[in-house]
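Please read the structure below before turning to the comments.
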Amino acid sequence: ELNMGQRASDTRGIIFEDVRIPKENVLLGEGHGFRIAMETFNKTRPAVAASAVGLAKRAFDEASKYSLERKAFGVPIASHQAVAFLLADMAIGIETARLSWQKSAWEVDQGRKNAYLASIAKAYASDVANKCATDAVQIFGGNG
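Count the sequence shown with UniProt numbering and you get residues 1 to 144, in order.
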């Protein structure tokens, strides 16, 4: 799951051993790095959530288009209840995830602390994207 769906993100772990930093090069003092990292995450999580919503929307759009073109028993598969319910659930997830990331991004724009909303937006939108992609594969069936 490392960087699932984001292979262009060249993320690496780094380890520092026996590193000494001269006092004049220390910016905020020992122990502040974690807080800075967490504040950075709070500002970037809405964008990650927005990306997940984009992925979910694309999966929905492709599945919707296919379900209107593909026929089974003489009618588009979108007419079948099972497929229609999958598409409806995808749409619900996309819209609620979109509202979640927009609210968390608005909090960032207002200069407010938003760890709570940003975390919800990222976690929820990621789950929605995963579910929409999985459901799209089901709608595509053998063509998925």
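Beta carbons are placed, not taken as given, at the ideal position from N, Cα and C, and that holds for glycine.
Have a look at the options and flag the residue whose alpha-carbon is nearest the alpha-carbon of residue i.
i	options	result
Asp89	Leu68, Ala136, Trp106, Ala123	Ala136
Phe41	Ala123, Lys131, Leu68, Ser67	Ala123
Asp109	Pro46, Asn25, Gly29	Pro46
Asn143	Leu27, Leu87, Ala52, Glu62	Glu62
Lys113	Ile36, Leu28, His32	Ile36
Asn130	His80, Ser64, Ser51	Ser51
Ala91	Phe34, Lys57, Val75	Lys57
Leu117	Thr11, Phe85, Leu99	Leu99
Ala133	Leu55, Ser79, Gly31, Gly33	Leu55
Measure the beta-carbon distance from residue i to residue j and round it to whole angstroms, keeping in mind my assumption that it falls under 8 Å.
i	j	result
Ala121	Trp106	Not quite, the Cβ-Cβ distance comes to about 11 Å (not below 8 Å), so this is no contact.
Ile139	Val83	6 Å
Ala115	Ala97	Going by Cβ atoms, the distance from Ala115 to Ala97 rounds to 18 Å, so no, they are not a contact pair.
Leu87	Ser64	6 Å
For residue i, which three-state DSSP category applies?
i	result
Ile139	helix
Lys131	helix
Asp10	coil
Lys103	helix
Ala120	It should be noted that the sequence gives Ile, not Ala, for residue 120. Helix.
Exposed or buried, residue i, counting other C-beta atoms within 10 Å across all chains shown (16 or more means buried)?
i	result
Ala72	exposed
Leu68	exposed
Phe16	exposed
Phe60	buried
Ile77	buried
Gly93	buried
Val26	exposed
residue 222	Past the boundaries of the shown model lies residue 222; the chain is included only from 1 to 144, so the question cannot be answered.
Val128	buried
Val53	buried
Handout entry: Completely contained alpha helix (DSSP H) runs for the segment 17-99, where each covers 4 or more residues
Key = Counting only runs of 4+ residues, the alpha helix (DSSP H) found wholly inside the segment 17-99 occupies 33-69, in chain order.
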